[in-house]
Amino acid sequence: MRLLLAAALLALAAGSAAAQTGTPAPAGAATAGVAAPDASPAPAGRRQPRRVEGAQAAVKPAPAKADAADTLRKAQAATAARDKAWDARMKRTLGSICHGC
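Per mature numbering (1 follows the signal peptide of the UniProt record, and there is no 0), the sequence shown runs over residues -19 to -1, 1 to 82.
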């Protein structure tokens, strides 16, 4: 569909250029200022990434594995910080409504 539309636009442009210069243009010839579209259009719907010859995909270095005790300590510290922030927020927002049991 795109190719047909592009060909129609080229023919229209060639006809208008010929009308301006006064010389008739051949039916299938493109003018010097208008470039012809590619013979193989891209598939509709998705754009294809540019492929560069010799380019390698970036490889991320593997992170060093931490020991289980260190991971557990960090998780407990993060949980404690979240709990403390939640308690402070609830005391601030609900302090005027509920004073505890």
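We treat Cβ as the ideally placed atom computed from N, Cα and C, and that holds for glycine.
All figures in this text were calculated on a predicted structure; none of them were measured in a lab.
Helix, strand or coil for Asp68, going by three-state DSSP, please let me know. helix
Could you give the distance in angstroms between the alpha-carbon of residue 83 and the alpha-carbon of Lys41? No answer is possible for residue 83: it lies beyond the span of the chain, which begins at -19 and ends at 82.
By DSSP, does Arg31 sit in helix, in strand, or in coil? coil
For Ala50, which residues in the same chain have their Cβ closer than 8 Å to its Cβ, ignoring the five residues on either side in sequence? none
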